[in-house]
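Down below is the structure, laid out as structure tokens.
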Ligand SMILES: [Zn+2]
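Residue numbers (my numbering): 6 to 241.
In structure tokens form, the structure reads like this:
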């Protein structure tokens with residue numbers, strides 16, 4: 006499996022369903038390279054970096070985290086360059102690290118989530134770290150020629166959700182923002198979903214990238230979200 010291009014400056018390494026590995030993105034600026042999400046393990050990071058090298062791209066200078074869930078963050082200790090996350094993401098990661106010091110909790114996770122069990126089969130070490138840099142509302146990074154606008158957004162999936170908009174390339178990265186909350190019995194908060202839909206509608210982008218699906222156009226994603234949202238149902 007290799008790196009795929011959305012534009013000549015925006016790339017992604019596709020998601021993998023058997024271990025729940027999310028898509029990892031790479032933004033190639035003239036000055037800096039920014040990766041989106043750190044993957045679910047050191048092995049996932051290694052695999053991503055091999056794909057970057059094969060495409061003639063250097064390792065990222067920065068890695069931004071979309072939200073605290075294990076599949077997006079447990080590779081963070083192994084990345085090159087510096088990591089960036091929302092302050093709430095770091096708070097949740099520190100809580101998770103404390104819980105993981107209990108072997109019974111690790112066993113529970115491996116049983117409860119077969120993807121986690123496969124990624125961390127045997128005695129493979131689980132290492133959780135918080136990020137090198139953190140922000141509260143919005144952080145704008147000039148990568149040289151392209152800009153990454155990273156901002157906290159309301160989402161039904163997790164309270165620490167960060168979206169990344171690359172206005173020059175018209176791409177919006179949403180992590181898992183449009184999904185239900187798996188830590189609250191799969192509850193879909195329709196008010197939060199509608200707030201997120203409004204956010205996507207007003208964003209100037211052509212592509213919307215979710216972490217665990219194929220690449221979508223903005224209209225594909227909105228049509229899907231209207232279909233699952235009471236308020237917007239049947240509007241288009
Ligand atoms: Zn998630």
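In this text, a Cβ means the ideal position worked out from N, Cα and C, and glycines have one as well.
None of the values given here were measured: they were computed from a predicted structure.
Pick from 45, 209, 221 and 35 that is closest to residue 122, judged by C-alpha positions: Taking only the C-alpha atoms, the option nearest residue 122 is 45.
Take the Cβ of residue 65 as the centre, count every other Cβ of all protein chains shown within 10 Å, and call the residue buried at 16 or more, exposed below. The Cβ neighbour count for residue 65, taken over all protein chains shown within 10 Å, is at least 16; the residue is labelled buried.
How about residue 118: is its Cβ closer than 6 angstroms to a heavy atom in ligand 1? Checking the Cβ of residue 118 against ligand 1 gives no.
What residue ranges within the segment 65 to 144 form continuous beta strand (DSSP E) runs of no fewer than 3 residues, ordered along the chain? Segments of the beta strand (DSSP E) lying fully in the segment 65 to 144: 67 to 69, 87 to 91 and 138 to 140.
In this structure, does DSSP put residue 52 in helix, strand or coil? DSSP places residue 52 in helix when its eight states are reduced to three.
Does the beta carbon of residue 181 fall short of 6 angstroms from some heavy atom of ligand 2? Among the ligands in the structure shown, ligand 2 does not appear; only ligand 1 can be found there.
For residue 113, count neighbouring C-beta atoms within 10 Å of its own C-beta (all shown protein chains included) and say buried if the count is 16 or more, exposed if not. It is exposed - the Cβ of residue 113 has fewer than 16 other Cβ atoms within 10 Å.
Excluding the 5 residues flanking residue 154 on each side, which residues of the same chain have their C-beta closer than 6 angstroms to its C-beta? 145 and 170.
Classify residue 80: buried if its beta carbon has 16 or more other beta carbons within 10 angstroms, exposed otherwise. Residue 80 should be labelled buried.
Considering only the alpha carbon of each residue, which of 133, 158 and 220 lies closest to residue 200? Closest option to residue 200, Cα to Cα, is 158.
Within a Cβ cutoff of 6 angstroms, which residues of the same chain sit near residue 163, ignoring the five residues on either side of it in sequence? Within the same chain, residue 163 has close Cβ partners 72.
Give me whichever residues DSSP pairs with residue 155 in a beta bridge. Beta-bridge pairing links residue 155 to 144 and 169.
Looking at C-alpha atoms only, which residue of 111, 21 and 147 is the closest neighbour of residue 215? Comparing Cα positions, the closest option is 21.
Three or more C-beta pairs below 8 angstroms linking the segment 50 to 63 and the segment 94 to 113: Put simply, the segment 50 to 63 does not touch the segment 94 to 113. Fewer than three CB pairs are less than 8 angstroms apart.
Check: residue 74 C-beta below 6 angstroms from any heavy atom of ligand 1: Yes, the Cβ of residue 74 comes within 6 angstroms of a heavy atom of ligand 1.
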